[in-house]
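Enquirer: Residue numbers (the numbering used here): 3 to 223.
Where a beta carbon is used, it is the ideal one built from N, C-alpha and C, also for glycine.
No experiment lies behind these values; they were computed from the predicted model shown.
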Amino acid sequence: MEASLDTNVIIHLYKANLQAVLFYRFEKLKVYEFIRNHELINHAGQNIIDKFDKDVEDGKIEIVADQYFKSIGMYQVFLQYVKDLRILYDGGDLGEVYAIAMAKTLGCACLVTDDIKERGPHYTLMRIPDSEVIPFAFYEILFLAFLEGKMSEMDLLEAFRLVCTISGLAWDIRSKLKGFMKRFWKDPYSESEKEWMSRFCIDNGINAKARIQILWHYISN
């Protein structure tokens with residue numbers, strides 16, 4: 003899968019030195035040039051920028067510039083998405099608008115963002131029937147890794163707490179797990195997301211109910 007990255011999730015994961023969870027989750031990671039050249043400069047420390055740039059240099063992340071959209075004849079399509087999304091996310095920041103517009107233009111299946119405010123990208127994309135872009139927050143990436151057996155319950159909890167502590171996020175893992183279960187199984191907003199999770203579990207031989215029970219028992223003790 004290809005994913006478009008928003009500013010906040012880059013900062014949160016790089017602060018905690020947990021950016022590797024992105025690299026084994028997604029085949030390709032793309033970042034719009036505005037996010038690197040403006041958002042990270044304004045909101046991330048030099049240490050984060052240096053580590054991010056090293057991953058770009060190593061080919062782990064691709065920076066997408068306007069010139070690329072022009073070279074493939076998609077620049078006007080991108081600009082139209084930007085225009086439409088700025089209306090939809092009235093008051094939202096440009097970084098999230100560009101991240102979603104790029105995902106839609108290039109056909110990226112996922113947007114990774116920790117901006118989960120009401121009417122933000124995570125909130126809104128989940129509620130759009132048959133949305134072509136699936137949003138994930140950093141903790142949902144951790145839950146997926148746990149379902150696959152790539153993280154233990156202890157590793158997941160430690161990673162969650164580390165990101166929250168370093169980034170000043172007052173989030174509770176039990177409420178996030180409840181939301182994850184509701185989103186993909188109990189009361190999904192979108193049939194397309196429910197179908198995506200079903201395929202994900204089948205393709206990876208996952209007994210989701212059993213895995214979530216293990217995790218729930220661990221985080222509740």
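Using only the heavy atoms of the ligand NAP, determine whether one of them is closer than 8 Å to the beta carbon of L127.
Expert: Because no ligand of any kind appears in the structure shown, any question about the ligand NAP cannot be addressed here.
Enquirer: Between S194 and L113, which are expected to be in contact by the criterion C-beta below 8 Å, what is the C-beta distance as a whole number of angstroms?
Expert: Along the sequence shown, read from residue 1 onward, the residue named residue 194 stands at position 192. Along the sequence shown, read from residue 1 onward, the residue named residue 113 stands at position 111. Going by Cβ atoms, the distance from S194 to L113 rounds to 14 Å, so no, they are not a contact pair.
Enquirer: Using the beta-carbon count (16 or more within 10 Å), is F28 buried or exposed?
Expert: Here residue 28 refers to the residue found at position 26 when the sequence shown is read from its first residue. Counting C-beta atoms within 10 angstroms of its own C-beta, F28 has 16 or more neighbours from the protein chains shown and is therefore classed as buried.
Enquirer: Can you grab the Cα-Cα spacing for the pair G47 / V165, in whole Å?
Expert: Counting from one through the sequence shown, the residue named residue 47 turns up at place 45. Counting from one through the sequence shown, the residue named residue 165 turns up at place 163. Going by the C-alpha atoms only, they are around 16 Å apart.
Enquirer: Can you tell which of G151, G61, Q78 has the C-alpha that lies nearest to the C-alpha of V33?
Expert: Within the sequence shown, the letter at position 31 stands for residue 33. The residue with the shortest Cα to Cα distance from V33 is G61.
Enquirer: With contact counted as at least three CB pairs below 8 Å, one residue from each stretch, are the region 11–31 and the region 182–190 in contact?
Expert: no
Enquirer: With respect to the alpha helix (DSSP H) encompassing Y77, which residues constitute its N-terminal and C-terminal limits?
Expert: The residue given as residue 77 occupies position 75 in the sequence shown. 77–90 is the extent of the alpha helix (DSSP H) around Y77.
Enquirer: Taking the DSSP output, what are the residues bridged to E41?
Expert: Locating residue 41 in the sequence shown gives position 39, where the first residue counts as 1. BP columns for E41 are empty, so no partner.
Enquirer: According to DSSP, simplified to helix, strand and coil, what is Y191?
Expert: Along the sequence shown, read from residue 1 onward, the residue named residue 191 stands at position 189. Of the three classes helix, strand and coil, the one that applies to Y191 here is coil, per DSSP.
Enquirer: Please classify L7: does DSSP put it in a helix, a strand, or coil?
Expert: The residue you call residue 7 lines up with position 5 of the sequence shown. In this structure, L7 counts as strand in the three-state DSSP scheme.
Enquirer: So E41 packs on T9, CB below 8 Å; how close in whole Å?
Expert: As a first step, residue 41 is located in the sequence shown; it is residue number 39 there, counting from the start. As a first step, residue 9 is located in the sequence shown; it is residue number 7 there, counting from the start. So it is a contact: roughly 4 Å between Cβ atoms.
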